[in-house]
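The sequence shown begins at 263 in the numbering used here and counts up by one.
Heads up, the beta-carbon is just placed ideally off N, CA and C, and yes, glycines get one too.
I have placed the structure first, in the form of structure tokens, so that the comments after it can refer back to it.
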Amino acid sequence: MTKELYNFGEMPPLGVIPPKMHAWLIRPERFGKPTEAFQKEIVNTPPIADDEVLVYVMAAGINYNNVWAGLGIPVNVIGARNKAGEPEDFHIGGSDASGIVYKVGKDVTNVKVGDEVVMHCGQWNRNCEWVKNGGDPMYSPSFRIWGYETNYGSFAQFTKVQGHQCMPKPKHMNWEEAAAYVLVGATAWRMLHGWDKNEVKKGDVALIWGGAGGLGSMAIQIAKAAGATPIAMVSGEDKFDYCMKLGAKGCINRNEFDHWGMLPHWKDNVGYAKWLKGVRAFGAKIWEVLGEKRAPNIVFEHPGETTIPTSIFVCDTGGMVVVCAGTTGYNATVDLRYLWMRQKRLQGSHFANAEQSNQMNALAVRGLLDPCMSRAFTYEELPIAHQLMHDNKHPHGNMSVLIGATEFGLGASGKPPVTIEHPTLPKGDVHTTPAPYPMSTPLPGIGESEALTITDDGTKVRDLMHRGIISCTPDDTVGTVAKIMVNKEIHAVVVMDEKGKAIGVVSQTDMVLARQGRTSDQARAMRAKDIMTPGCATCDADMLLSDAVSLMTGRRMHRLIVTDKDQPVGVISMTDVVRKIIGE
């Protein structure tokens, strides 16, 4: 007779499915830090569909997805599934795993009961028209990340997955090693091999951001296996040996440079020149590492906001910057001249399809891809592992946790076909950068599924604006405009033509930029028309103040010309908004 529940360490007979199982659950009422969000519970073992597989989990990988799931931000994954019709009021996370097949649906042909497998985290509806017509499932509207956007992930005795997710476990890896590499490995594979003419190939130079991290450590090995020359970007020289043992030609310590961040405005002669000096020094460092003056054919990106300007600049003509995240922020700036004139490609990439995942896994099965597991945890320590990640105190590389395996080091049943050196991180290694912004966040599209609720106090622009327009002519000198600003104690002057039409604005910022790289006399002699920002961004006096603020922030402006019946009547500025906040 089948037992209702098996304790951990008490493995059910092969193919025997108990009605109940142990799992780590997240519930909405516990959203918060991982040590509180994750709780052990007993739940029903999930049934499987015809295209699904039930796997007894031996070990599971740890990644940021379920830190976000536990916090309930930026997305309440439980609420999202409930709205889609799923009844469960809990989340079982886990998007990486190794285990043993215990049951297969009638349509599954690639695995059988008893197979030892690892699993990729891409799921999609096989009946989706796009998928049925041969389209890349990654573009299907039904695509979901298993164990984050879907339920019944690997933090339980049993997990249910789609048949295509199951891939052969490398025999030379133990359970915890095999659970650590698939998500990052498949992501890196698609980034490097998924984009046609820019696919990494023999002889290429590949610049790898975060070379000691989970993604970067995979990218170095994949690029090397393709015959490319990887260069690793790291946070310190203590990571150099680790990355070079993985296959990097050399490493660059990002802390030797200080030009990171959003690109200075192209009108800022001094700021842009300073940035240009920094990025050229960085490019020269790449030459030094290579021993020749070559630019990277491919740049493996995921920091995003602080690094994209540099990545685009140093990438070779016709090369590609491929990005899978924005861990330092989502608003990246680009000097478009380098993008169009040198015909570079900025390519987004997200996880991988089944074919690409299997291609990556074949490399691991052959012994050519080290899982770069930096730390493994016991089942009881699962919340602690996520808390360390939440606090950014976890080591570089990849982490996993035992689920069904009773001890560390179990599960290896052979030797790798190719023996490669297993690198180790420096003792006591932890992250030193801020915790990343979420990588797998559902994005709003053109058609919204529900209305957005915006809180607003009803204040209108006319309630706060400065009435009246202070103007100058296009031919007034900058010196004259400056005197107007000082005498009137204002931050900007509207430029009006001979017909009284507003054609631009001269702001304090415009004047400061005019002074950059010029003498005071040269700057004062310039004309308003030479330095003004052409056109006038306007708003109606009856516009909500919150909408005007959004307009200013979206355009990175400090002020708007206020119109009433299409006639300019005043100015609203960020300073006015700050005064309102202080006044309240």
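Distance between residue j and residue i (C-alpha atoms, nearest Å)
i    : j    : result
D828 : D718 : 25 Å
K345 : V329 : 22 Å
A787 : V743 : 11 Å
R289 : I354 : 9 Å
R452 : N559 : 16 Å
V811 : G566 : 26 Å
H455 : S662 : 26 Å
T307 : V319 : 13 Å
S711 : C390 : Confidence at S711 is low in this model, with a pLDDT of 48, below 50, so its placement is unreliable and the value that follows should be read with caution. Computed Cα separation, rounded: 19 Å.
A713 : G347 : A caution first: A713 carries a pLDDT of 49, below 50, which makes its placement in the model too unreliable to give a value.
P633 : F575 : 32 Å
K459 : S611 : 15 Å
R542 : L726 : 46 Å
V596 : T412 : 35 Å
C256 : V824 : Because the chain spans 263 through 846 in this model, residue 256 falls outside it and cannot be assessed.
C428 : E438 : 16 Å
F519 : T668 : 46 Å
T589 : I570 : 11 Å
S360 : A321 : 5 Å
I259 : F639 : With the chain running from 263 to 846 in the structure shown, residue 259 is simply not present.
V305 : A285 : 7 Å
T735 : Y534 : 29 Å
G671 : K677 : 14 Å
V740 : A785 : 7 Å
S808 : V723 : 9 Å
D826 : I834 : 13 Å
G409 : S357 : 5 Å
C505 : H684 : 11 Å
F502 : C513 : 6 Å
T264 : K282 : 11 Å
N517 : T694 : 12 Å
L631 : Q483 : 6 Å
Which residues DSSP lists as bridging residue i, in chain order
i    : result
W253 : In this structure the chain extends from 263 to 846, so residue 253 is not present and cannot be described.
N344 : Per DSSP, none; premise fails for N344.
G472 : Per DSSP, none; premise fails for G472.
F420 : Y318
R637 : M661
S808 : For S808, which the question treats as bridged, DSSP gives no partner whatsoever.
F562 : I470, V584
M210 : The question about residue 210 has no answer, for the chain in this structure spans 263 to 846.
P796 : G766
D802 : T825
R841 : None, per the DSSP bridge assignment.
T739 : R789
Q609 : V584
H324 : The residue asked about is misnamed: residue 324 is Ile in this sequence, not His. The partner list for I324 (beta bridge, DSSP) reads M661.
A754 : S769
V833 : H728, I823
H353 : I288
C734 : V757
K459 : Per DSSP, none; premise fails for K459.
Cβ separation of residue i and residue j, assumed to be a contact under 8 Å, to the nearest whole Å
i    : j    : result
K750 : I732 : 5 Å
E378 : K431 : 4 Å
V317 : F420 : 7 Å
S510 : G473 : It is worth fixing the name first, because residue 510 is Ala in this sequence and not Ser. That belief holds up - the Cβ atoms of A510 and G473 are roughly 6 Å apart, short of 8 Å.
A790 : V757 : 5 Å
S479 : G323 : Actually they are not in contact, since the Cβ atoms of S479 and G323 sit about 14 Å apart, beyond 8 Å.
F562 : W457 : No, F562 and W457 are not in contact; Cβ-Cβ is about 12 Å, not under 8 Å.
L525 : M495 : Contact flag wrong, Cβ pair sits at about 18 Å.
C577 : T449 : At roughly 20 Å, the Cβ-Cβ gap does not stay under 8 Å, so C577 and T449 are not in contact.
D398 : N623 : D398 to N623, Cβ: 18 Å. No contact.
G540 : N515 : No, G540 and N515 are not in contact; Cβ-Cβ is about 14 Å, not under 8 Å.
L333 : G294 : 7 Å
V692 : K745 : 56 Å between Cβ atoms; not a contact.
S619 : H820 : At roughly 48 Å, the Cβ-Cβ gap does not stay under 8 Å, so S619 and H820 are not in contact.
Would you say the stretch 402 to 413 touches the stretch 377 to 391, given that touching needs at least three Cβ pairs under 8 Å?
The stretch 402 to 413, when compared against the stretch 377 to 391, does touch it at the 8 Å Cβ threshold.
Given 8 Å, three or more beta-carbon pairs between the stretch 443 to 457 and the stretch 596 to 605:
Under the 8 Å Cβ criterion, the stretch 443 to 457 does not count as touching the stretch 596 to 605, having fewer than three qualifying pairs.
Let me know the beta strand (DSSP E) ranges lying completely inside the stretch 645 to 705, each 3 residues or longer, listed in chain order.
Counting only runs of 3 or more, we get 660 to 664.
Ordered list of beta strand (DSSP E) runs contained in the stretch 355 to 436, each at least 3 residues
Counting only runs that start and end inside the stretch 355 to 436, the beta strand (DSSP E) elements of at least 3 residues fall at 359 to 366, 378 to 381, 420 to 424, 428 to 430.
Tell me the start and end of each unbroken beta strand (DSSP E) in the stretch 760 to 785 that is at least 3 residues and wholly inside, in chain order.
For the stretch 760 to 785, whole beta strand (DSSP E) runs of length 3 or above, ordered along the chain, are 764 to 769.
Looking at C-beta atoms only, is the number of pairs between the stretch 641 to 661 and the stretch 288 to 304 that lie closer than 8 Å three or more?
Contact between the stretch 641 to 661 and the stretch 288 to 304 is present: 3 or more CB-CB pairs across the two stretches fall below 8 Å.
Segment contact flag, the stretch 332 to 340 with the stretch 271 to 282, C-beta cutoff 8 Å, min 3 pairs
Touching, no.
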